[in-house]
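In my numbering, the protein residues as written are 896 to 1262.
Where is the CB? At the ideal position from N, CA and C, for every residue including glycine.
Given the structure is predicted, the values throughout are model-derived calculations rather than measurements.
Listed below in structure tokens is the structure:
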């Protein structure tokens, strides 16, 4: 295993920070940053901004030249293995080889089979390539991309706002607002980084949500997806007002819906919406991260099908008690505690008055 110096680690830390600048814009592409260094001096920096524009490595090389540096003999610290395929832009390995770069330090290898094997081409051209410098951090930045190209489906994150005793709404359905302003704004930032936002018909009928990003500036709005088995979404629903909506049904299209609304029937053998098929469909459409804001029933359906990857929980310092709605509503009660879904804490932070908990479903309980 390659040993990296403190200076090299600092350069990769900077590359990761650059990659994060594309958090809201690169989809369906990965978030990638690059730092060009020669003789210990940073000569260029770059990151990928959006599909169809130059990749991070090309931007870093161009930045070096714009600063008056020749990148020949430089080392590139890049958060993902340089691509080796011609998509909307030429392969990055071609630009690297042409520039005379001497060494590549990549945080992680490219999991996309269409773009992989860049390292092999670079080594064949006499360029030294090293991997695994802050690989876990690079993978965290691209959980959705990795999920889509390896599992064929998005990374599924369920956002839930609840009281400290786990209640999301009163029995009447009243839920606005359990958490405070800062937590709600933070939730919009997580919406913005997602490629699509998913909800169910129950939430549409109860809350009439817009399901868009409002609390932060963003150059794009995620696709909004509604699981609506019987086509009950009202034509006047606010979620339908702005377009860019996909409704997944188990039957026929509601004739009252606007023609611009896309509808895909995906019934399973029991006449419900086929949730695994829905995720495969979204994966085929380039959806990396799926942000779920739904009620207890759809949350449970995803959980029971082992389709949830993590929970984004906002807990308010309040108690609601019973009767009230919980986070999950299982179709069948557990026979024993040994069947419970296990989680791993990923982070716990205070957001204003509330707590934000990010918890991952253990691998044994998700596909």
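Residue state for residue 1162 is assigned as strand, using DSSP reduced to three classes. Residue 1141: member of the beta strand (DSSP E) spanning 1140-1144, first to last residue. Our two residues, residue 1252 and residue 992, have alpha carbons roughly 44 Å apart in a direct line. Taking 8 Å as the cut-off, the beta carbon of residue 979 is found no closer than this to the beta carbon of residue 973. Excluding its 5 nearest sequence neighbours in each direction, residue 1094 has C-beta neighbours in its own chain below 7 Å: 1104, 1106, 1121, 1188, 1189, listed in chain order. Following the DSSP letters along the chain, one finds residue 1195 inside the alpha helix (DSSP H) bounded by residues 1191-1199.
Per DSSP, the beta-bridge partners of residue 929 are 941, 973. With 16 or more other CB atoms across the displayed protein chains lying within 10 angstroms of its CB, residue 1143 is buried.
The residues 1235, in chain order, have a CB closer than 8 Å to that of residue 1229 in the same chain once the five nearest residues on each side in sequence are set aside. In the three-state reduction of the DSSP assignment, residue 913 falls in the helix class, which pools H, G and I. The C-beta of residue 917 has 16 or more other C-beta atoms within 10 Å across all chains shown, which makes the residue buried. Nearest in C-alpha terms to residue 932, of all of 946, 1223, 1011, 962, is 962. The straight-line gap separating the alpha-carbon atoms of residue 941 and residue 1016 is approximately 22 Å.
One Cα belongs to residue 1086, the other to residue 997, and the distance between them is close to 40 Å. Residue 1030 and residue 1219 have their C-alpha atoms roughly 43 Å apart. Taking all protein chains in view, the Cβ of residue 1052 is crowded by 16 or more other Cβ atoms within 10 Å, so the residue is classified as buried. The C-alpha of residue 1136 lies about 44 Å from the C-alpha of residue 1013. Annotation: residue 1064 to residue 1241 spans about 26 Å, alpha carbon to alpha carbon. Taken through DSSP and simplified to helix, strand or coil, residue 1094 comes out as strand. One Cα belongs to residue 1004, the other to residue 1130, and the distance between them is close to 46 Å. In terms of Cβ geometry, residue 1072 and residue 1079 form a close pair [threshold 8 Å]. In the DSSP assignment, residue 1042 falls within the alpha helix (DSSP H) that extends over 1038-1046. For residue 1256, the enclosing beta strand (DSSP E) has its first and last residue at 1249-1256.
In the three-state reduction of the DSSP assignment, residue 1242 falls in the strand class.
DSSP places residue 950 outside both helix and strand once states are collapsed to three, so it counts as coil. In the structure shown, the three-state DSSP call for residue 1001 is strand. Assigned with DSSP and collapsed to three states, residue 1035 falls in helix. The continuous alpha helix (DSSP H) containing residue 992 extends over residues 987-994.
DSSP places residue 1120 in the strand class (E or B) of the three-state scheme.
In the same chain as residue 1097, and ignoring 5 residues on each side of it, the C-beta atoms closer than 8 Å to its own belong to 1189, 1190, 1192, 1193, in chain order.
In the structure shown, the three-state DSSP call for residue 1057 is strand.
In this structure, residue 939 places its C-beta atom within 8 Å of the C-beta atom of residue 959.
Sorting 934, 1059, 977 by C-alpha distance to the C-alpha of residue 1222 places 1059 at the top. Excluding five sequence positions before and after residue 1169, the CB atoms of its chain that fall closer than 7 Å to its own CB belong to 1161, 1162, 1163, given in chain order.
Straight across, the Cα-Cα distance linking residue 1084 with residue 1208 is about 14 Å. Taking 8 Å as the cut-off, the beta carbon of residue 1254 is found no closer than this to the beta carbon of residue 1184.
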